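Here is the structure we will look at.
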Amino acid sequence: MSRIALLCAFVSAAALAGPPAKVDQALLDKGKSAFSVNCAACHGEKGDGTGPAAAALNPKPRNFTTEPFKQGDSPDAVFKTLSTGVTGTPMVAFAHLPEDDRWALAHWVLELRKGGKPAPAAAEKPKAKK
Ligand code: HEC
0 MSRIALLCAF VSAAALAGPP AKVDQALLDK GKSAFSVNCA ACHGEKGDGT
50 GPAAAALNPK PRNFTTEPFK QGDSPDAVFK TLSTGVTGTP MVAFAHLPED
100 DRWALAHWVL ELRKGGKPAP AAAEKPKAKK
């Protein structure tokens, strides 16, 4: 009984929230403007870690376009970073932003990543093993 109640709660929460059904220009635009407002002061408009506040930070925000992500660079991982922050760094949690804004931001961060060098994942194609 309680398991069923839990399952129902889980399913209904998943129906209300969760990753966007599709990543389209509207989602990226939303992410871009939220990034300007909430993130660019530290991360820079292009995500290269050169925002006006960056010089004073320790540790400094990394360059999203060239450096590997410590917290993972899938949409889910970036969403989690935004929701929980990075403990012990100036990267605080942005859990106060609506969940759909956080998804839009996560996708925009990964878009910025593509703006630089090809993401390492593309370079690290596993060599043919056979
Ligand atoms: C007060 C400055 C500041 C603000 C504002 C800020 N960040 Fe950060 N962020 C940092 C710092 C510093 C780090 C690096 C932490 C570390 O060294 O692990 C970081 C780390 C991150 C990471 C993890 C990168 C990795 O290595 O995995 C992501 C993703 C990120 N920020 C996205 C954002 C987004 C999106 C916003 C806006 C909603 C934002 N940040 C706002 C300072 C900031």
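In numbering that gives the first Met the number 0, the protein residues as written are 0 to 129. We put the beta carbon where it would ideally sit given N, CA and C, even for glycine. Computed from a predicted model, the values in this text were never measured in an experiment.
Exercise. By Cβ distance, which residues of its chain are closer than 7 angstroms to Phe-78, with the 5 residues on each side in sequence left out?
Worked result: Arg-101, Trp-102 and Ala-105
Problem set entry | Nearest-angstrom Cα separation, counted from Pro-18 out to Asn-57 | In this model, Asn-57 and Pro-18 are separated by some 31 angstroms (Cα to Cα).
Exercise. Under 8 angstroms from any heavy atom of the ligand HEC, does the C-beta of Gly-114 make it?
Worked result: no
For this session: Could you tell me which of Pro-60, Ala-20 and Ser-35 sits nearest to Val-91, measuring between CA atoms?
Result: Pro-60
For this session: Go ahead and pull the three-state DSSP assignment for Arg-2.
Result: helix
For this session: Look at Lys-45 and Gly-114 and say whether their C-beta atoms are less than 9 angstroms apart.
Result: Closer than 9 angstroms, so yes.
For this session: Output the residue ranges of the alpha helix (DSSP H) runs that lie fully inside the segment 14-100 and measure 4 residues or longer, sorted by chain position.
Result: 24-37, 39-42 and 74-83
Exercise. Can you tell which of Ala-33, Cys-41, Trp-107 and Asp-47 has its C-alpha closest to the C-alpha of Pro-97?
Worked result: Ala-33
Exercise. Would Glu-110 pass as a contact of Lys-21 if the rule is Cβ separation under 9 angstroms?
Worked result: no
Exercise. Is Val-22 near the ligand HEC, going by C-beta to nearest heavy atom under 8 angstroms?
Worked result: no
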